[in-house]
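Undergrad: Those protein sequences? They're chains A and B, same order as listed.
Read in order, the letters of the first sequence correspond to residues -10 to 358 in my numbering.
Read in order, the letters of the second sequence correspond to residues -10 to 358 in my numbering.
Number of protein chains: 2
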Amino acid sequence: MKWEYTFSFGGVLSRVCIQNDIPSLDDIVDSNRGFSKALLICDAHTLPIAQQIRGSQEAPICELPPGETAKTWASIETILEAAKDAGLGRDGLFIGVGGGVISDMAAFGASIYMRGAGLCIVSTSLLGMVDAAVGGKTGFDLFGMKNFVGTFYPAPLIYMPIASLSTLPQKEWKSGMAEIIKTAVLDTADTGETFWSLLVNMDPSLFAIDATEEKRAEILECIAYSVQIKGRIVEADPKETGKDRVLLNLGHTFAHALESSAGLGRVSHGEAVAWGMVRACELGLALGLTPQARGEAIVNLLRSFGYETAAPHPLISDVSAFMQALQGDKKKKAGNLSFVVPSQTGSVMVSGEQVSSLLLTRIIGGTLS
Amino acid sequence: MKWEYTFSFGGVLSRVCIQNDIPSLDDIVDSNRGFSKALLICDAHTLPIAQQIRGSQEAPICELPPGETAKTWASIETILEAAKDAGLGRDGLFIGVGGGVISDMAAFGASIYMRGAGLCIVSTSLLGMVDAAVGGKTGFDLFGMKNFVGTFYPAPLIYMPIASLSTLPQKEWKSGMAEIIKTAVLDTADTGETFWSLLVNMDPSLFAIDATEEKRAEILECIAYSVQIKGRIVEADPKETGKDRVLLNLGHTFAHALESSAGLGRVSHGEAVAWGMVRACELGLALGLTPQARGEAIVNLLRSFGYETAAPHPLISDVSAFMQALQGDKKKKAGNLSFVVPSQTGSVMVSGEQVSSLLLTRIIGGTLS
């Protein structure tokens, strides 16, 4: 099985190949005619995949420390230095092999190397596939804030080799599945109901690709749906200056604050998003924007997949510190926060002006009712 | 007197205001409706101008260490932190007040702050006005290489207040004038001859804005011509992926290598460009691309303005180190250098493949004839 989608993000064509096998350097180079030298970027977990991609070719591999805590300028500088040492010009090709952290950093490095080099992302985690790999957002963390620094730099070529998921830890499956559920909530196209039923009828213990052929096909379908839906939203609003792309942040205002206040890396992005979606449902319900039945369906689905849904979150010891992290959100406009909450069929943006801090404190502290 | 030009650089409208007075924060804000908070970025030399722009308004000023040696990631991080501390969102406005170093860094900071904030450049040096301020190139130096890291991020609003030139040191005048002469060499439009005659008939000792009204008008005219010519070239090829923008690098392959091998900051950019243009004329002559009379006219004009034209350059003690710096040029494609040399009327690109290293060594070492 193989799916291919080509999106146009602000004039840049971005081709996504969802396929079983890990691509070879030849596959990637064939699709990237005109580039001169390549650099593979990975971490300890994805080093074997990078080596498999390289095969017997000569291409340097830049291995970064793994995890969100390594998403720093120091890692970016390591990438830039490896590219320089390998003699890459601005027609060189950066190949990021990994999950969201690696692909965000490889893409940021490519975007600033001599003012922009070539880029290919080989996404190796479920979260990376359905979230970071598509849509052109790049970046790293600074001053304790996630992706505080970044660019928009869509990769012209993205591979999602399902084979790379076979060794994915349970925690990573769970992290990716939350973004898949979020994407299904956003889906207002005719696929919406099909996608939602697929999730509702899925075996929630299905956190392994080595399951039966039938179950593996379900995961593949989820990835393909998610990529299509996200791609369509980003095409409509590539730099998040309009009203479309911001909807992808359903649950994310709460999630980013949870990730920041818990300490970067202590809660997985997807788990934070799942928890944030429940808060978004509560907010939408309180504001009369989320129908009760829809809110319940979303929360029930998240609970069935084993996500933490209760407030306060076990990692929040101090609601006021959380409120402060919330205020640091970079989506603020004219000093105001914004939230995205589920609506009757899709989702809708709510300006922070419409939300009292008392209501927020109650939602976060779990003292709503 | 006031000139205004609006260019479209890859879809971004960039308005350039060449005027006598330093703009006020109100002027800038009026032209940038919709932004929420502003941060002024300057160095010790331009601090008084930044203070004058701010007036009695409340806007933080981020003062960076002056000079090319401060064009580092540390300075970028200082800008980002000042923006964060001032509470700028992605709708905040970065205002770079200074020459090329400050405007390149302020623009780079704006381009990566939360994936892109607002940007206004107030260019205060002759070189900055005719070179860095227009065209969207941003960046800083890394691994000893000029602008090794950067982005394309055109400023929607650029001021060139001539009043800020009144305190410009002689060395800075000379640096800017070289880029003006280079731009005149590139000019193939109907303005070309007028611009060139203006320069040829100019009093080369005219390195002060406090000269007579008539002489000041000449400088203004040079800036306006240069901005128009550069703007037109960049409009045709905003990201230097085509064949147009690269022509702006006339003399620059040699100049960048001179700047790198002399040690960043030891020779001014314009003086390096003037020296590099002479080398480009010699290369063009040797390859039969530059007519002898044209090469002589260019070299004579540069000599009359007092530029170092002889090879080897007094700061080059080691021709082989220079050759190595040349090989590090970031304009390399498929591992090959490129050069731009004057042609009959404009200029033309030459691939490094056509240039033997023996010829280069002779040009750089001054042993050509």
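For glycine and all other residues, C-beta sits at the position ideal for the given N, C-alpha and C.
(1) Hey, isoleucine 91 of chain A and cysteine 31 of chain A: beta-carbon distance below 8 Å or not?
(2) Listing by chain order, which chain A residues have their CB less than 8 Å from the CB of serine 100 of chain B?
(3) Is the beta carbon of glutamine 313 of chain B within less than 7 Å of some heavy atom of the ligand GTP?
(4) Report the option in B:Pro54, B:Leu53, B:Ala72, B:Gln40 whose CA atom is closest to the CA atom of leucine 28 of chain B.
(5) For the structure I just gave you, are there three or more beta carbon pairs, one from the region -3 to 16 of chain A and one from the region 35 to 51 of chain A, closer than 8 Å?
(6) Going along chain B in order, which residues have a C-beta closer than 7 Å to the C-beta of phenylalanine 137 of chain A?
(7) Just reading off the beta strand (DSSP E) that leucine 175 of chain A is part of, what are its end residues?
(8) I'd like to know whether the C-beta of lysine 232 of chain A is nearer than 8 Å to at least one C-beta of chain B.
(9) If we ignore side chains and look at the alpha-carbon of each, how far apart do proline 55 of chain B and alanine 244 of chain B end up?
(10) So who's on the other strand from glycine 107 of chain B, going by DSSP bridges?
(11) I need the boundaries of the beta strand (DSSP E) containing valine 337 of chain B, first residue and last residue.
(12) Check each candidate in B:Leu2, B:Thr113, B:Ala33, B:Leu36 and name the one with the smallest Cα separation from serine 20 of chain B.
(13) Would you mind stating whether threonine 58 of chain A and glycine 254 of chain A have Cβ atoms separated by less than 8 Å?
(14) If we count the other Cβ atoms within 10 Å of its Cβ and call it buried at 16 or more, is asparagine 238 of chain A buried or exposed?
(15) Since alanine 121 of chain B and glycine 89 of chain B should fall inside the 8 Å C-beta cutoff, what is the C-beta to C-beta distance between them, to a whole number of angstroms?
(16) If we ignore side chains and look at the alpha-carbon of each, how far apart do threonine 67 of chain A and glutamate 52 of chain A end up?
(17) Flag this pair as touching only if the region 282 to 292 of chain A and the region 164 to 175 of chain A have three or more C-beta atom pairs under 8 Å; answer yes or no.
(18) Below 8 Å on the Cβ atoms is my contact criterion, and I expect valine 119 of chain B with glycine 85 of chain B to pass it. Report the Cβ-Cβ distance as a whole number of Å.
(19) Which residues share a DSSP beta bridge with proline 49 of chain B?
(20) Measuring only between beta-carbons, confirm whether leucine 53 of chain A sits less than 8 Å from chain B.
(21) Do the region 304 to 317 of chain A and the region 331 to 351 of chain A touch if we need at least three Cβ pairs shorter than 8 Å?
(22) Using the Cβ count rule (16 or more neighbours within 10 Å means buried), how would you classify glutamine 217 of chain B?
(23) In terms of residues, what are the limits of the alpha helix (DSSP H) holding phenylalanine 97 of chain B?
(24) What does leucine 69 of chain A reach in chain B if we use C-beta pairs closer than 9 Å?
(25) Which of the three DSSP states, helix, strand or coil, is assigned to aspartate 130 of chain B?
(26) Is aspartate 192 of chain A helix, strand or coil by DSSP?
(27) Below 8 Å between beta carbons: does that hold for proline 227 of chain B and threonine 279 of chain B?
(28) Where does phenylalanine 294 of chain B fall in DSSP's three states?
(29) Would a C-beta distance cut-off of 8 Å place serine 45 of chain B and methionine 94 of chain B closer than the cut-off?
(30) Less than 8 Å between the C-beta atoms of proline 304 of chain B and alanine 251 of chain B, yes or no?
(31) Would you grab the beta carbon distance between alanine 213 of chain A and tryptophan -8 of chain A for me? Rounded to a whole angstrom, and I think it's under 8 Å.
(32) Spell out whether any CB of chain A is found under 8 Å from the CB atom of lysine 219 of chain B.
(33) Does the beta carbon of glycine 128 of chain B come closer than 8 Å to any beta carbon on chain A?
(34) For valine 267 of chain A, I'd like the list of residues in its chain whose CB is within less than 6 Å of its CB, leaving aside the five on either flank, ordered along the chain.
(35) So, at 7 Å on beta carbons, what are the nonlocal neighbours of leucine 77 of chain A in its own chain, with the 5 sequence-adjacent residues on each side left out?
(36) Comparing the C-beta of lysine 60 of chain B with each C-beta of chain A, is any distance below 8 Å?
TA: This is what the structure gives:
(1) By one-based count along the first sequence, residue 91 of chain A stands at place 102. By one-based count along the first sequence, residue 31 of chain A stands at place 42. Contact: yes.
(2) Within the second sequence, residue 100 of chain B is the residue found at index 111, counting from 1. Chain A residues near serine 100 of chain B: Thr140.
(3) Within the structure as shown, the ligand GTP is missing, as the structure has no ligands at all.
(4) What you label residue 28 of chain B is simply residue 39 of the second sequence in a count that begins at 1. For the residues B:Pro54, B:Leu53, B:Ala72, B:Gln40, the minimum Cα distance to leucine 28 of chain B belongs to B:Ala72.
(5) yes
(6) Counted from its first residue, the first sequence places residue 137 of chain A at position 148. Going along chain B in sequence order, the residues near phenylalanine 137 of chain A (Cβ under 7 Å) are Met103.
(7) Along the first sequence, read from residue 1 onward, the residue named residue 175 of chain A stands at position 186. Per DSSP, leucine 175 of chain A belongs to no beta strand (DSSP E); it is in the alpha helix (DSSP H), 159 to 175.
(8) Here the question's residue 232 of chain A lines up with position 243 in the first sequence. Judged by the 8 Å Cβ criterion, lysine 232 of chain A is not in contact with chain B.
(9) Residue mapping note: residue 55 of chain B aligns to position 66 of the second sequence, counting from 1. Residue mapping note: residue 244 of chain B aligns to position 255 of the second sequence, counting from 1. Using only the alpha carbons, I get a separation of about 21 Å.
(10) For the purposes of this step, residue 107 of chain B is taken as the residue at position 118 of the second sequence. Paired residue(s): B:Leu82.
(11) Taking the first residue of the second sequence as 1, we reach residue 337 of chain B at position 348. Per DSSP, valine 337 of chain B belongs to the beta strand (DSSP E) from 336 to 340.
(12) Walking along the second sequence from the start, residue 20 of chain B turns up at place 31. The shortest C-alpha separation from serine 20 of chain B is found at B:Leu2.
(13) As a working note, residue 58 of chain A is residue 69 in the first sequence. As a working note, residue 254 of chain A is residue 265 in the first sequence. Their beta carbons are under 8 Å apart, which means threonine 58 of chain A touches glycine 254 of chain A by this criterion.
(14) Position 249 of the first sequence, counted from the first residue, corresponds to residue 238 of chain A. By the 10 Å Cβ count, asparagine 238 of chain A comes out buried.
(15) By one-based count along the second sequence, residue 121 of chain B stands at place 132. By one-based count along the second sequence, residue 89 of chain B stands at place 100. Confirmed, Cβ separation roughly 3 Å.
(16) Translated into the one-based positions of the first sequence, residue 67 of chain A becomes position 78. Translated into the one-based positions of the first sequence, residue 52 of chain A becomes position 63. Taking the CA atoms as reference points, threonine 67 of chain A sits about 9 Å from glutamate 52 of chain A.
(17) yes
(18) Position 130 of the second sequence, counting from 1, holds the residue named residue 119 of chain B. Position 96 of the second sequence, counting from 1, holds the residue named residue 85 of chain B. Not confirmed; about 16 Å, so no contact.
(19) As a working note, residue 49 of chain B is residue 60 in the second sequence. Bridge partners of proline 49 of chain B: none, in fact.
(20) One-based indexing of the first sequence puts residue 53 of chain A at position 64. Closer than 8 Å: no.
(21) The region 304 to 317 of chain A vs the region 331 to 351 of chain A: in contact.
(22) If you number the second sequence from 1, residue 217 of chain B lands on position 228. With 16 or more Cβ atoms within 10 Å of its Cβ, glutamine 217 of chain B is classed as buried.
(23) As a position in the second sequence, residue 97 of chain B is number 108, starting the count at 1. Counting along the chain, the alpha helix (DSSP H) containing phenylalanine 97 of chain B begins and ends at 89 to 101.
(24) Walking along the first sequence from the start, residue 69 of chain A turns up at place 80. Here the neighbours are Leu131, Phe132, Phe137, Val138.
(25) As a working note, residue 130 of chain B is residue 141 in the second sequence. Aspartate 130 of chain B: strand per DSSP, three-state reduction.
(26) Along the first sequence, one-based indexing puts residue 192 of chain A at 203. If DSSP states are grouped into helix, strand and coil, aspartate 192 of chain A belongs with coil.
(27) Along the second sequence, read from residue 1 onward, the residue named residue 227 of chain B stands at position 238. Along the second sequence, read from residue 1 onward, the residue named residue 279 of chain B stands at position 290. No, the pair does not count as a contact, with Cβ atoms beyond the cut-off.
(28) Numbered from 1 along the second sequence, position 305 holds the residue referred to as residue 294 of chain B. Here phenylalanine 294 of chain B sits in coil by DSSP.
(29) Here residue 45 of chain B is taken as the residue at index 56 of the second sequence, counted from 1. Here residue 94 of chain B is taken as the residue at index 105 of the second sequence, counted from 1. It is not a contact, given that the beta carbons lie outside the stated cut-off.
(30) By one-based count along the second sequence, residue 304 of chain B stands at place 315. By one-based count along the second sequence, residue 251 of chain B stands at place 262. It is worth fixing the name first, because residue 304 of chain B is leucine in this sequence and not proline. Cβ atoms of leucine 304 of chain B and alanine 251 of chain B: closer than 8 Å.
(31) Residue 213 of chain A sits at position 224 when you count from the first residue of the first sequence. Residue -8 of chain A sits at position 3 when you count from the first residue of the first sequence. About 5 Å; that satisfies the 8 Å criterion.
(32) The residue given as residue 219 of chain B occupies position 230 in the second sequence. No, because no Cβ of chain A sits closer than 8 Å to the Cβ of lysine 219 of chain B.
(33) Residue numbering aside, residue 128 of chain B sits at position 139 when the second sequence is read from its first letter. Yes, glycine 128 of chain B counts as interfacial toward chain A.
(34) Stepping through the first sequence from its first residue, residue 267 of chain A is reached at position 278. These residues qualify, in order along the chain: Val288, Thr298.
(35) Here residue 77 of chain A refers to the residue found at position 88 when the first sequence is read from its first residue. Once the five neighbours on either side are set aside, the close Cβ partners of leucine 77 of chain A are Lys26, Leu28, Ala106.
(36) Counted from its first residue, the second sequence places residue 60 of chain B at position 71. Taking Cβ atoms only, chain A never reaches closer than 8 Å to lysine 60 of chain B, which makes this a no.
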